[in-house]
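Chemist: In this note's numbering, the protein residues as written are 62 to 255. Backbone N, C-alpha and C fix where the C-beta goes; we use that ideal spot for every residue, glycine too. It should be emphasised that the depicted structure is a prediction, and the values quoted were computed from it without experimental measurement.
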């Protein structure tokens, strides 16, 4: 990976349908390739202790931080890729917001996702191995970064920022001086301010 960060998304309250447990499994696979990778999960929900336990079981607890609430737009602005792993979704404002900031996306092929994402951005099922591979590929592909991973017609599809009732965004940071293969990957999950 020529640059060092990734992004993902989830939803207020961390319902099971957002597949954050699958994100943790995918992240564990990313760590196998990028040992310095970190995952920052923001927001709150009833699944927090289960997700923390899952991170420990997967051996990535030291690389995963649950940080509470943060500004999703700022995090998306620093991210290299966003993942939305919902088991079901209508038309996601998170994906439209990602398009608005030119952020590549990895998402499950549910609801309207196929209407706004190229086929290469979609996963047909929440398979951690496939998701990890797509996260690393989307992050490393400068064409996807430039195009935001979405058709140009969506570039201005979301005229509003995420709201407190809106989805969570996951963003990361990268070092502008990383020209060679980066050996770190930071994921940050954030939620709009209440």
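So, using beta-carbon positions, are residue 171 and residue 199 closer together than 8 Å?
Modeler: no
Chemist: Curious, which full-length beta strand (DSSP E) runs of at least 3 residues does the region 96-184 contain?
Modeler: 99-103, 125-129, 143-145 and 166-169
Chemist: In terms of residue numbering, what span does the alpha helix (DSSP H) encompassing residue 82 cover?
Modeler: 81-94
Chemist: Please state the DSSP three-state secondary structure of residue 187.
Modeler: coil
Chemist: Could you say if the region 101-116 and the region 125-134 meet the contact criterion of at least three C-beta pairs nearer than 8 Å?
Modeler: yes
Chemist: Mind the definition here: the region 140-160 touches the region 96-111 only if three or more C-beta pairs lie below 8 Å; say whether that holds.
Modeler: no
Chemist: Residue 161: buried (16+ other C-beta within 10 angstroms of its C-beta) or exposed?
Modeler: buried
Chemist: Report all residues from its chain with a CB closer than 7 Å to the CB of residue 78; omit the five preceding and five following residues, and keep chain order.
Modeler: Excluding residues within five positions, the ones whose Cβ falls inside 7 Å are 147, 148 and 149.
Chemist: From residue 90 to residue 180, what distance separates their C-alpha atoms?
Modeler: Pairing residue 90 with residue 180, the inter-Cα distance amounts to about 22 Å.
Chemist: So residue 182 and residue 166 are in contact, right, with Cβ under 8 Å, and what is the actual spacing, rounded?
Modeler: 5 Å
Chemist: Using alpha carbons as the reference points, say which of 145, 131 and 82 lies closest to residue 122.
Modeler: 82
Chemist: Less than 8 Å separating the beta-carbons of residue 152 and residue 173?
Modeler: yes
Chemist: Are the beta-carbon atoms belonging to residue 177 and residue 87 less than 8 Å from one another?
Modeler: In terms of Cβ geometry, residue 177 and residue 87 do not form a close pair [threshold 8 Å].
Chemist: Could you tell me how far apart the beta carbons of residue 142 and residue 164 are, in whole angstroms, since I believe they sit closer than 8 Å?
Modeler: 7 Å
Chemist: Out of curiosity, what's the CA-to-CA distance linking residue 118 and residue 196?
Modeler: 22 Å
Chemist: Buried or exposed for residue 291, going by 16 or more other Cβ atoms inside 10 Å?
Modeler: The shown model of the chain, from 62 to 255, leaves out residue 291, and the question about it has no answer.
Chemist: I'd like to check one pair, residue 144 with residue 168: are the Cβ atoms closer than 8 Å?
Modeler: In this structure, residue 144 lies closer than 8 Å to residue 168 by Cβ.
Chemist: Does any CB atom of chain D fall closer than 8 Å to the CB of residue 198?
Modeler: Absence of chain D from the displayed structure is noted, only one protein chain being present.
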